[in-house]
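These notes are about the structure you will find just below.
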Amino acid sequence: MPRTSHDGLPRATPGRVGIDADHVRAFLDEVQAAGLDLHGLMLHRHGHVVAEGWSWPCDPNEPRVLHSVAKSFTACAIGLAVEEGLLKLDDRVAAFFPEHLPADADPRLADLTVEHLLTMRTGHASNTSGSVWRAIDTSWITEYFKIPLAYAPGSHYVYTSAASYMLSALINRVTGQTLHEYLKPRLFVPLGIDNELWAIGPDGVNPGGNGLTAPVWAMLKLAILHAQGGMWEGRRILPGDWVEAATRPQGGPDSRYGYHWAIKPRHAYTAVGVFVQMAMVFPEYGATLAIVGGMKNSAEVIPFIERHFPAAFGNDTQPRPEADARLQQRLARMGEIPVLVSSGAPSAAPSGVFEVQANNLGVRQLSFAFEDNLLRFQLTDTHASHALEVGIGQWLRGVTDMPGRALHHGYEFKGAQIVAGARWLDGKSLEMTWIYPQTAFRDRVLCVFDGDQLSFARTVNVNSAGREQEVLQGRRIKV
């Protein structure tokens, strides 16, 4: 049975709300034909979820790393703080953090306002991404004020997660709470979101530009809330004038950015995270679309979205049972479990402990214990030993602390859900696939056993930096 979100939102067939289901099906087919890795989709119109599909093993009710979709949640906190009189858009940011300013601070920092942070017009020349912040264990606020200014604040748009971090830091200063604590009763609870998590940095500040994990339907609800002008089930959650301002171009006549929302053609707007975590609002059509995946960037999928949405949105609400059924079958196929088929196998399983040659990853040993259709794998580095059970010709679910920061956009997952399977490509080569279902990441590990020698190559489907780790070479020291 297809997976379904437990989000509390009403359901309807596409035809009932005037959606051409064949357009949605064509979108799915074209994305697949392009080789793009779509993990999930939810489509909502006129108060109803009308389509949802999830690729195996994604669970729509488990928190997912939403990356920069967090920015649009952060904007809500600023809007609420402005409404409560705690902040003004023209407040000078540096005035809130005098102890963090360097002695040789650029005088132009004094002109940086809250609105400049919201519109990504900080004066910086380039993005400081979350992957950069996560490698720093000292004050990120102090680091922010060290970033050189290339332009006068307010004059140039340059997307940077550093701006969102400072918005979160402002919430700490004016409320005495973290961004997450502040939003919990004001946004998450009213929207029925109760299993979200938000990372926290060394300043005790949630990274406002990332670090949020929540079910996909949480970002769908955020989009619906904005499509409804800040109203939810008859209750005002966000000020209407804030929603209107946040979702229109800000900062100049050529701007395509609002207050932490990306502005799209035909008055659409989007909360968007790296590797394609997206919630798009089509206000003229009363529709919202949420998709998640493991893709290089949103530019890969945007042409397919623009081809079929809003073309799928019509006014004819006559029943279309045949088209609706075709779409439902197509959505169900997204959840099919890939089969692990081996093309060969060694005459004897190459179990053993392999000592690894000196490497930049700090890996010292790799251990393989084969038992029928099970591999007990262990990687030992300079910090600890990390174990993982991998199915041979089958998939096994588990949790892992397997290191992988360099492959995973700077994230080092602890106690992460993982689905691991393997197959033999020939008598020497074992291919492991490690799926992190709460993320965009899918790792491929190729192990080549040649007598007592081992080659271990790990790659990932998407990353903001390199997608290949240093290939490890090992020698068996124990059977």
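Each residue of the sequence shown is one higher than the one before, counting from 1 in UniProt numbering. In this text, a Cβ means the ideal position worked out from N, Cα and C, and glycines have one as well.
Please report the distance separating the alpha-carbon of residue i from that of residue j.
| i | j | result |
| --- | --- | --- |
| Ser367 | Val479 | 10 Å |
| Asp194 | Asp426 | 47 Å |
| Ile291 | His124 | 30 Å |
| residue 520 | Pro303 | Lying outside 1 to 479, the shown extent of the chain, residue 520 is not represented and no answer is given. |
| Val276 | Met432 | 25 Å |
| Trp140 | Met280 | 30 Å |
| Ala77 | Val460 | 34 Å |
| Leu38 | Ile19 | 21 Å |
| Glu52 | Leu41 | 5 Å |
| Thr270 | Ala223 | 8 Å |
| Thr119 | Ser155 | 11 Å |
| Lys146 | Ala103 | 10 Å |
| Ala227 | Ser72 | 13 Å |
| Ala110 | Leu86 | 19 Å |
| Lys264 | Leu289 | 13 Å |
| Val216 | Leu187 | 16 Å |
| Ser347 | Val274 | 44 Å |
| Ala162 | Gly294 | 24 Å |
| Arg3 | Pro57 | 10 Å |
| Ala152 | His100 | 20 Å |
| Asn172 | Tyr182 | 9 Å |
| Thr175 | Leu446 | 50 Å |
| Val17 | Met231 | 20 Å |
| Thr138 | Pro202 | 6 Å |
| Trp395 | Phe97 | 51 Å |
| Lys428 | Ala422 | 13 Å |
| Glu115 | Asp90 | 6 Å |
| Tyr259 | Glu322 | 42 Å |
| Gly251 | Ala268 | 18 Å |
| Ala312 | Arg320 | 13 Å |
| Ala180 | Leu220 | One detail in the question is off: residue 180 reads as His in this sequence, not Ala. Taking the straight line joining both Cα atoms gives about 18 Å. |
| Gln378 | Lys414 | 16 Å |
Within this structure, are the beta carbons of residue i and residue j separated by less than 8 Å?
| i | j | result |
| --- | --- | --- |
| Ile418 | Gly393 | no |
| Val462 | Phe441 | yes |
| Gly204 | Gly410 | no |
| Glu196 | Gln438 | no |
| residue 481 | Ala287 | With the chain represented from 1 up to 479, any question about residue 481 goes unanswered, as that position is not in the structure. |
| Trp424 | Ala345 | yes |
| Arg364 | Val356 | yes |
| Glu284 | Arg266 | yes |
| residue 480 | Phe27 | Because the chain is modelled from 1 through 479, residue 480 falls outside the range shown and cannot be assessed. |
| Ala465 | Ala406 | yes |
| Val301 | Leu36 | yes |
| Tyr165 | Pro207 | yes |
| Gly240 | Gly8 | no |
| Leu43 | Val31 | no |
| Glu83 | Trp242 | yes |
| Met334 | Trp54 | yes |
| Val272 | Val69 | yes |
| Ala21 | Arg326 | yes |
| Leu225 | Leu238 | yes |
| Leu117 | Ala94 | no |
Please determine, among the options, the residue with the shortest C-alpha to C-alpha distance to residue i.
| i | options | result |
| --- | --- | --- |
| Thr380 | His6, Leu388, Val301 | Leu388 |
| Glu233 | Leu43, Val189, Pro153, Leu149 | Val189 |
| Asp148 | His116, Arg307, Asp106 | Position check: residue 148 holds Pro in this sequence, whereas Asp was assumed. When only C-alpha atoms are compared, the closest one is Asp106. |
| Arg11 | Ala457, Gln473, Gly47 | Gly47 |
| Gly451 | Ala169, Gly421, Ser351 | Ser351 |
| Met15 | His6, Asp324, Thr247 | The residue asked about is misnamed: residue 15 is Gly in this sequence, not Met. Checked all of His6, Asp324, Thr247; the closest Cα to Gly15 is Asp324. |
| Asn360 | Val93, His180, Ile171, Gln469 | Gln469 |
| Ala169 | Gly391, Glu412, Ala75 | Ala75 |
| Asn210 | Trp133, Glu115, Asp372, Val49 | Trp133 |
| Gly50 | Gln328, Phe413, Gly251, Thr122 | Note on residue identity: the sequence assigns Val, not Gly, to residue 50. The shortest C-alpha separation from Val50 is found at Gln328. |
| Phe370 | Ala349, His386, Gly362, Asp137 | Ala349 |
| Val339 | Ala420, His260, Gln318 | Ala420 |
| Trp434 | His260, His408, Ser455 | His408 |
| Lys88 | Pro249, Leu167, Ser5, Ala135 | Leu167 |
| Ser455 | Arg476, Asn127, Ala135, Leu375 | Arg476 |
Determine, using beta carbons only, whether residue i comes closer than 8 Å to chain B.
| i | result |
| --- | --- |
| Arg236 | Absent here is chain B; the protein component of the structure consists of one chain. |
Mind checking who residue i pairs with in its DSSP beta bridge?
| i | result |
| --- | --- |
| Lys478 | Val353 |
| residue 483 | Nothing in the structure corresponds to residue 483, since the chain is present only between 1 and 479. |
| Gly35 | According to DSSP, Gly35 bridges with nothing at all. |
| Gln417 | Val399 |
| Val292 | Gly40, Gln277 |
| Gln365 | Glu355, Thr380 |
| Trp198 | Leu212 |
| Gly391 | Leu374, Gly421 |
| Val49 | Arg11, His44 |
| Tyr269 | Ile263, Val281 |
| Arg92 | Thr113 |
| Gly386 | Looking at the sequence itself, residue 386 is His, so the reference to Gly does not match. His386 pairs with Leu379. |
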